[in-house]
Amino acid sequence: MQVMAGSRLGPYEIVAPIGAGGMGEVYKARDTRLDRSVAIKILPAAFADNAQLKIRFEREAKTISQLTHPNICTLYDVGNEGGVEYLVMELLEGDTLADRLARGPLPMRDVLRYGREIAAALDRAHRAGVVHRDLKPGNVMITKSGAKLLDFGLAKGGTIQISPDGVTQQKSLTQEGTILGTFQYMAPEQLEGIEADTRTDIFALGAVLYEMATGRRAFDGKTKTSLIAAIVGGEPKPIREFQPLTPPAFEHVVTKCLAKDLDHRWQSASDVASELEWIGGITTVEQTAIDRGKRTTRRRAAVAGIVATAVIAAAVAAAIVFRKPAAETPMVLSIAMPQRRAFDAFGQAALSPDGSTLVFVGNLTGPTFSGKTAPTLWLRTIDRADVRLLPGTQGASEPFWSPDGKSIGFFAERKLKRIAAEGGPPRVIADAPSSSGGTWNRAGVIVFCPDGLGPLVQVDANGGTPRAVTKLTPQEEGHRWPSFLPDGDHFLYLGDAAKTENHHLKVGSLRDGSSRDLMQAVTNVIYVAGQLFFVRAGALMAQPFDAKSMALSGEPHLIAENVLENDANHHFEFTASENGRLVYRSGSSDSQLMWVDRSGKSLATLGDPRRFGYMLRISPDQQHVIAEQNDADGRSDDLWMFDAGRGVATRFTFDPASERNPVWSPDGTKVAFSSMRTGLGDLYLADASSPSNVQRLTATPEPIEPTAWSRDGMLLCDDDHSTQTDILMISVQTKQSTPYLATRFNESSAALSPDNSRVAYVSDESGRLEVYVEHFPSHAARRQVSINGGTLPAWRGDGRELFFAGLGGDLMSVDMTSDSATPKPLFHLRGFSYDVTRDGQRFIVDQPVEDTSAAPLTFVSNWMALRK
Numbered sequence: 000m001q002v003m004a005g006s007r008l009g010p011y012e013i014v015a016p017i018g019a020g021g022m023g024e025v026y027k028a029r030d031t032r033l034d035r036s037v038a039i040k041i042l043p044a045a046f047a048d049n050a051q052l053k054i055r056f057e058r059e060a061k062t063i064s065q066l067t068h069p070n071i072c073t074l075y076d077v078g079n080e081g082g083v084e085y086l087v088m089e090l091l092e093g094d095t096l097a098d099r100l101a102r103g104p105l106p107m108r109d110v111l112r113y114g115r116e117i118a119a120a121l122d123r124a125h126r127a128g129v130v131h132r133d134l135k136p137g138n139v140m141i142t143k144s145g146a147k148l149l150d151f152g153l154a155k156g157g158t159i160q161i162s163p164d165g166v167t168q169q170k171s172l173t174q175e176g177t178i179l180g181t182f183q184y185m186a187p188e189q190l191e192g193i194e195a196d197t198r199t200d201i202f203a204l205g206a207v208l209y210e211m212a213t214g215r216r217a218f219d220g221k222t223k224t225s226l227i228a229a230i231v232g233g234e235p236k237p238i239r240e241f242q243p244l245t246p247p248a249f250e251h252v253v254t255k256c257l258a259k260d261l262d263h264r265w266q267s268a269s270d271v272a273s274e275l276e277w278i279g280g281i282t283t284v285e286q287t288a289i290d291r292g293k294r295t296t297r298r299r300a301a302v303a304g305i306v307a308t309a310v311i312a313a314a315v316a317a318a319i320v321f322r323k324p325a326a327e328t329p330m331v332l333s334i335a336m337p338q339r340r341a342f343d344a345f346g347q348a349a350l351s352p353d354g355s356t357l358v359f360v361g362n363l364t365g366p367t368f369s370g371k372t373a374p375t376l377w378l379r380t381i382d383r384a385d386v387r388l389l390p391g392t393q394g395a396s397e398p399f400w401s402p403d404g405k406s407i408g409f410f411a412e413r414k415l416k417r418i419a420a421e422g423g424p425p426r427v428i429a430d431a432p433s434s435s436g437g438t439w440n441r442a443g444v445i446v447f448c449p450d451g452l453g454p455l456v457q458v459d460a461n462g463g464t465p466r467a468v469t470k471l472t473p474q475e476e477g478h479r480w481p482s483f484l485p486d487g488d489h490f491l492y493l494g495d496a497a498k499t500e501n502h503h504l505k506v507g508s509l510r511d512g513s514s515r516d517l518m519q520a521v522t523n524v525i526y527v528a529g530q531l532f533f534v535r536a537g538a539l540m541a542q543p544f545d546a547k548s549m550a551l552s553g554e555p556h557l558i559a560e561n562v563l564e565n566d567a568n569h570h571f572e573f574t575a576s577e578n579g580r581l582v583y584r585s586g587s588s589d590s591q592l593m594w595v596d597r598s599g600k601s602l603a604t605l606g607d608p609r610r611f612g613y614m615l616r617i618s619p620d621q622q623h624v625i626a627e628q629n630d631a632d633g634r635s636d637d638l639w640m641f642d643a644g645r646g647v648a649t650r651f652t653f654d655p656a657s658e659r660n661p662v663w664s665p666d667g668t669k670v671a672f673s674s675m676r677t678g679l680g681d682l683y684l685a686d687a688s689s690p691s692n693v694q695r696l697t698a699t700p701e702p703i704e705p706t707a708w709s710r711d712g713m714l715l716c717d718d719d720h721s722t723q724t725d726i727l728m729i730s731v732q733t734k735q736s737t738p739y740l741a742t743r744f745n746e747s748s749a750a751l752s753p754d755n756s757r758v759a760y761v762s763d764e765s766g767r768l769e770v771y772v773e774h775f776p777s778h779a780a781r782r783q784v785s786i787n788g789g790t791l792p793a794w795r796g797d798g799r800e801l802f803f804a805g806l807g808g809d810l811m812s813v814d815m816t817s818d819s820a821t822p823k824p825l826f827h828l829r830g831f832s833y834d835v836t837r838d839g840q841r842f843i844v845d846q847p848v849e850d851t852s853a854a855p856l857t858f859v860s861n862w863m864a865l866r867k
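Under numbering that gives the first Met the number 0, the first residue of the sequence shown carries the number 0, and numbering increases by one thereafter.
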């Protein structure tokens, strides 16, 4: 069969040739079923009768199918049409790294970014038992979203031998007399016939990093013999000879990658990725200061030491970069956790008043929303670089310090607690069912947010009865993130509102209960050394503030960009002390909607990356997906409708207030959702085809969020009280409400089986969130289906399988035809939400663009220098 523009391979229509890959010709094609562009790699007809090449071609398909990673080109399909073997892959737009290098070396920040992404891709392959064996610039594509690793045509699981004369020991897989790979990037052991493993790829990675930084190959020769001699016995020239401002730490990473001895190299690609990420954090701070004219002179930074911190489980790695700086140059400390573990999903770090110690929320196996163990408090002594656990703080969040630095307040188990910084048993101070921050003054008074839907309260630090210290305005839904000013009477806080324009940073008073607006913003705020710190459009700002007159002056100054935010409660990750020390975390809140199969393998993306909220819903006819999308301030501001095939997004709601929790009617003609346009969260209905046709169902003082719609027109909803959540039934026809589950525990997230005979829901009656199933509406035959925690239940279309999100972050499956079935993990959920198609074979998930739990904390010793 001749392949040309217009011909078809199964459902794929060839558009144009692209080029040739390591194992075949590559074409641009159109998937006629999903109306999307793809890349097709074809084993040339000239080789169709070559059994050896067909085996290698099939091996490439099997290899890529094992690998799902944002920096690896995704395999969509394999096929055979008219004797033509082909692979269907993600179509990438951009240049190969080789094409980019033809124009010269890359800026260091790009070297670090792409290098980290390539290393992360290799790490994913290596964990799957796959060695690439032909990493080179030509097999890396630079796209708008970053680096993508291509061409696993030479990849091999496990190890492979290469004979000294250049013939592989597996001759059936290669042409005789050929060494698999590209000479300039091959490791000595490949050329010497020694067994190769994952560290062989690390050598090639070092050669690619060297070339990105210098624009020159690490090893070169006029002949093949001289090239091999250079690789086996020579050393590349120092990168600094070509790029004098290269960070010494980067040179160290490359040199160790290129070590001749396997045992002297980095032992995993994950280690290389972590090192490059760490260097990137430091380089970013330095470059920002340079670009903004922060320095009058520039001295080359010298790395005086890399200090390993105390072990957290497998190990918590951190590093201090000591410099002899110019007077205004800040020292930088980057704290990163290996294996992308240990930090809570949103960090929640707090510097002690004297800036000597950092308390942060950590987890032994992952972030809070996907961790298998409870988050706990950890202390990091800045100057000694040690980290230690505070026992007794399981489930901790939102730590804050006493003014003398001897105690730490925190929230856990729906309580406000305190613990001595030196350790000891924690003490319960007050109830806090749904906290959002606390602050402690020298008089021993704590002001805190017990619930995001009410006023701030004060309580004695030794315990007592809390009393309200703020009053909500009609436009506000809650007060969050209090922070005392130096006089111990006034405090800053966020007035959280239903509409973005009604959010304000405010200052309140314990003495007279007064309050005043300072500025419109949606962020936590602190006062340090005459400055207010707050975030605007993701950028950390500092603005002069008179703590006596309670007035702002001057203009805000940029301190750091892309500060990480918890969209759920508007908390940005930053903390500062009076002596000029600052800690913050940077990261993206964007996610990518993605179709995946039951193994979690990516099938297709849906639309562009956006700031999605916490709910995704597939329409009954499976033609659309409706999702919450946050605005720039992090609220679930509007609902958006996506065409499930083409990915085209259409805005569904337009009100300035927040809308969330969309639920389809069984026939797919209407969508129910919760909106703050008239309160804290009333129930509304809209026509799916004409969303401007809206009907209000409820008018209640507390938020109601729909989760399921029965065939007889009953909406099951979460009814959020200030103390607990119940499940409520509301009739679409009569608008009458009836409690379905209302106990002293929290019940939520009801999901009806397709025949409406059973309901799955979440309850914390056992002490943690678990998934239960019972007959509906009789409550009969109730049983717990999750074992180690769970949330977000969803049914397969025939009711024979139930899915839920485990507290360990895995999507779980339960056979509902057996009462004794044990939940089985399918794949790991990186995001907050998912939904499943009727046949249970595909899932729509939101995949974070960045793994925010792995984002390091950045410490700056002299933040004042950043605002000059």
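No residue lacks a Cβ here, since even glycine has one placed at the ideal position from N, Cα and C.
Count the other CB atoms within 10 Å of the CB of GLN457; is the residue buried (16 or more) or exposed (fewer)? With at least 16 other beta carbons inside 10 angstroms of its own, GLN457 counts as buried.
Do you know how far the Cα of GLN783 is from the Cα of SER765? Cα to Cα, the separation comes out at about 10 angstroms.
By how many angstroms is the C-alpha of ASP545 removed from the C-alpha of LEU551? Cα to Cα, LEU551 sits roughly 6 angstroms from ASP545.
Might you give, ordered along the chain, the residues of its own chain that have their beta carbon closer than 7 angstroms to the beta carbon of ARG264, omitting 5 neighbours on each side? Closer than 7 angstroms at Cβ, skipping near neighbours: ARG198, ILE201, PHE202, LYS255, CYS256 and ALA258.
Host beta strand (DSSP E) of SER576 (start-end): For SER576, no beta strand (DSSP E) run applies, since DSSP gives it neither H nor E.
Can you tell me which of ASP260, GLU24, GLY9 and ILE843 puts its alpha carbon nearest to the alpha carbon of SER618? Nearest C-alpha to SER618: ILE843.
Of the residues LYS547, SER576 and LEU531, the one placed nearest LEU557, counting alpha carbons only: For LEU557, the nearest C-alpha among the options comes from LEU531.
Taking the runs of the beta strand (DSSP E) that are 3 residues or longer, which of them lie wholly in the stretch 625–674? With a minimum length of 3 residues, the continuous beta strand (DSSP E) runs that stay inside the stretch 625–674 are 637–642, 648–650, 658–663 and 669–674.
Which residues does DSSP pair with GLY436 in a beta bridge? For GLY436, which the question treats as bridged, DSSP gives no partner whatsoever.
N-terminal and C-terminal residue of the alpha helix (DSSP H) that LEU111 is part of: Per DSSP, LEU111 belongs to the alpha helix (DSSP H) from 107–126.
Rank LEU111, ARG676 and LEU357 by C-alpha distance to the C-alpha of ASP636 and give the top, closest one. Of the candidates LEU111, ARG676 and LEU357, the one whose C-alpha sits nearest the C-alpha of ASP636 is ARG676.
Rounded to whole angstroms, what is the Cα-Cα separation between ALA820 and PHE802? Rounded to whole angstroms, ALA820 and PHE802 show a C-alpha spacing of 13 angstroms.
Tell me whether TYR206 sits in a helix, a strand or coil according to DSSP, three-state version. First, the residue type needs correcting, since residue 206 is Ala and not Tyr in the sequence shown. Here ALA206 sits in helix by DSSP.
Locate the alpha helix (DSSP H) running through CYS256, then write down its first and last residues. First-last of the alpha helix (DSSP H) with CYS256: 247–256.
Range of the contiguous beta strand (DSSP E) that encloses THR790: From DSSP, the beta strand (DSSP E) with THR790 extends over 790–794.
Are the beta-carbon atoms of ASP495 and HIS570 separated by less than 8 angstroms? In terms of Cβ geometry, ASP495 and HIS570 do not form a close pair [threshold 8 angstroms].
With a floor of 3 residues, list each beta strand (DSSP E) that falls wholly inside the stretch 424–478, ordered by position along the chain. Those beta strand (DSSP E) runs which fall completely within the stretch 424–478 and span 3+ residues are 426–430, 437–439, 444–447 and 456–459.
Between TYR113 and GLY537, what straight-line distance do the alpha-carbon atoms span, to the nearest angstrom? Here the alpha carbon of TYR113 sits roughly 23 angstroms from the alpha carbon of GLY537.
At which residue ranges does the stretch 662–745 contain complete alpha helix (DSSP H) runs of 4 or more residues, listed in the order of the chain? Here no run is fully enclosed.
Once the 5 residues before and after ALA431 are set aside, which same chain residues still bring their CB inside 7 angstroms of it? Closer than 7 angstroms at Cβ, skipping near neighbours: PHE410, ARG413, LYS414, LEU415, PHE447 and PRO449.
Just to confirm the assignment, what range does the beta strand (DSSP E) spanning GLY507 have? For GLY507, the enclosing beta strand (DSSP E) has its first and last residue at 503–508.
Return the CA-CA distance between VAL521 and ASP109, expressed in angstroms with no decimal places. Going from the Cα of VAL521 to the Cα of ASP109 covers about 32 angstroms.
Stretch-stretch touch, CB-based, cutoff 8 angstroms, three pairs: the stretch 268–276 with the stretch 117–126: With three or more CB-CB distances shorter than 8 angstroms, the stretch 268–276 counts as touching the stretch 117–126.
According to DSSP, what are the bridge partners of ASP495? Its beta-bridge partners are GLY477.
What's the C-alpha gap between LEU751 and LEU727? Going from the Cα of LEU751 to the Cα of LEU727 covers about 13 angstroms.
Distance CB(THR8)-CB(ILE39) smaller than 8 angstroms: Looking at the sequence provided, one finds Leu at residue 8 rather than Thr. Yes, these two residues count as a Cβ contact at 8 angstroms.
Who are the Cβ neighbours of ASP596 in its own chain at under 7 angstroms, not counting the five residues just before and after it? Excluding five sequence positions before and after ASP596, the CB atoms of its chain that fall closer than 7 angstroms to its own CB belong to LEU602, GLN840 and ARG841, given in chain order.
Would you give the residue range spanned by the alpha helix (DSSP H) that ARG99 belongs to? Its alpha helix (DSSP H) spans residues 96–100.
Beta-bridge pairing of MET140 - partner residues as DSSP gives them: DSSP output for MET140 lists THR95 and LYS147 as bridge partner(s).
Quick one: give me the first and last residue of the beta strand (DSSP E) that LYS823 is part of. Where LYS823 is concerned, the enclosing beta strand (DSSP E) stretches over 823–827.
Candidates ARG29, ASP403 and ARG417, of which the one nearest GLN393 by Cα: If we check each option's Cα against that of GLN393, ARG417 comes out closest.
State buried or exposed for ALA442, treating a residue as buried only when at least 16 other CB atoms are found within 10 Å of its CB. So ALA442 counts as exposed.
Which residues in the same chain as ASN501 place their Cβ atom closer than 6 angstroms to its Cβ, once the five residues preceding and following it in sequence are excluded? Spatial neighbours of ASN501 in its own chain (CB-CB distance under 6 angstroms, excluding positions within 5 residues in sequence) are listed in chain order as GLN474.
To the nearest angstrom, report how far apart ARG29 and ASP681 are at their CA atoms. C-alpha of ARG29 to C-alpha of ASP681: approximately 44 angstroms in a straight line.
Can we count SER736 as close to the ligand ATP, meaning its CB is less than 7 angstroms from some heavy atom? Of the ligands one can find in the structure shown there are none, so the ligand ATP has no counterpart to examine.
Does the stretch 508–527 touch the stretch 472–488, meaning 3 or more C-beta pairs lie closer than 8 angstroms? Result yes; three or more Cβ-Cβ pairs closer than 8 angstroms.
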